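First up is the structure itself, then whatever we jot down about it.
Chains as they are written, first to last, in our numbering: chain A, 1 to 135; chain B, 1001 to 1116.
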């Protein structure tokens, strides 16, 4: 398949390998109780400056946060929302990456599902019977 | 930096020749131990000469089913390679520059991560 012949595999690494597109982006994010929080729309990398030459031997940038936000429009029309509109889920709160991304914290402590909380408190709670579980 | 700004960016070698586009970014979880998971560092970028992005990752896994889909997607992503972080000279807003003596590696994932 390759004109230059088969390529050699990369040097072995000690940790688990994750490819952003395959294992992280667009995955559903569940909180510590298994409740859906959001999806991972993008990734924040720390230690990397766009357009700045990377000196040899520079330490590798680290993944600091999963980002989520209003990306539907930009997915269709291109571009991405401004950084200020993206909500960060810190990597240190991630407990596991599998079919879904599991967090080790409860969703209530995250900014990612503020829309759901706002709808619950401002709209659903004002509907008669909206303050208790259905019977 | 936000990863979405890098994905799909053209990649050039040390002489300025265009090699393809950034199809994916590979991370390795081998950083400082955290309370839940260790830190993840950028290991390298997957470069695809014929497509702006990767779809389903057939070129990085051993999956061969369904056969027609696997053949088509492997053909579409033919020539993909991985460059490690230390071979990257600059990641700019419009292009990624590699060092003159960069090494192409097979983009295949290690077995245990391939099924994820």
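Just so you know, even glycine gets a beta-carbon here, dropped at the ideal spot from N, CA and C. These numbers were taken from a predicted model, which means no experiment stands behind them.
How would you call residue 1054 of chain B, buried or exposed, if buried means at least 16 neighbouring beta carbons within 10 angstroms?
-> Taking the first residue of the second chain as position 1, residue 1054 of chain B is located at position 54. So residue 1054 of chain B counts as buried.
Opposite residue 1027 of chain B in the DSSP bridges: which residues?
-> To locate residue 1027 of chain B, count along the second chain from 1; it is residue 27. Per DSSP, A:18 and B:1042.
So is residue 115 of chain A buried or exposed if we call it buried at 16+ other beta carbons inside 10 Å?
-> As a position in the first chain, residue 115 of chain A is number 115, starting the count at 1. Flag for residue 115 of chain A reads exposed.
Cβ-Cβ separation, residue 29 of chain A to residue 66 of chain A (assumed contact under 8 Å), whole Å | For this step, residue 66 of chain A is matched to residue 66 along the first chain. For this step, residue 29 of chain A is matched to residue 29 along the first chain. Indeed they touch by this definition, with Cβ atoms about 7 Å apart.
Under 8 Å Cβ-Cβ, which residues of chain A neighbour residue 1066 of chain B?
-> Within the second chain, the letter at position 66 stands for residue 1066 of chain B. Going along chain A, no residue has its Cβ under 8 Å from residue 1066 of chain B, so there is no contact; the nearest lies around 18 Å.
Which residues does DSSP pair with residue 103 of chain A in a beta bridge?
-> Residue numbering aside, residue 103 of chain A sits at position 103 when the first chain is read from its first letter. DSSP lists A:94 as partners of residue 103 of chain A.
Can you tell me which of the three DSSP states residue 1020 of chain B falls into?
-> Sequence index remark: in the second chain, residue 1020 of chain B carries index 20 (1-based). Residue 1020 of chain B: strand per DSSP, three-state reduction.
Nearest to residue 1069 of chain B by CA position, among B:1056, B:1081, B:1079 and B:1101, is which residue?
-> Walking along the second chain from the start, residue 1069 of chain B turns up at place 69. Checking every option, the nearest Cα to that of residue 1069 of chain B belongs to B:1056.
Is the stretch 15–27 of chain A close to the stretch 1026–1034 of chain B, with three or more CB pairs under 8 Å?
-> At 8 Å Cβ cutoff, the stretches touch.
Hey, quick one: how far does the alpha helix (DSSP H) through residue 46 of chain A stretch, first residue to last?
-> As a first step, residue 46 of chain A is located in the first chain; it is residue number 46 there, counting from the start. Careful: residue 46 of chain A lies outside any alpha helix (DSSP H), inside the beta strand (DSSP E) at 42–46.
Under 9 Å, do residue 1001 of chain B and residue 61 of chain A count as touching if we go by C-beta distance?
-> By 1-based counting over the second chain, the position of residue 1001 of chain B is 1. By 1-based counting over the first chain, the position of residue 61 of chain A is 61. Yes. Within cutoff.
In terms of DSSP beta bridges, what is residue 37 of chain A paired with?
-> Mapped onto the first chain, residue 37 of chain A falls at position 37. Answer is none; residue 37 of chain A lacks a bridge partner.
Within the same chain, show all residues whose beta-carbon is closer than 7 Å to that of residue 33 of chain A, passing over the 5 residues directly before and after it, in chain order.
-> What you label residue 33 of chain A is simply residue 33 of the first chain in a count that begins at 1. Counting only Cβ-Cβ distances below 7 Å, and skipping sequence neighbours, we find 106.
If we count Cβ pairs, one from each stretch, closer than 8 Å, do we get three or more for the stretch 46–61 of chain A versus the stretch 72–80 of chain A?
-> no
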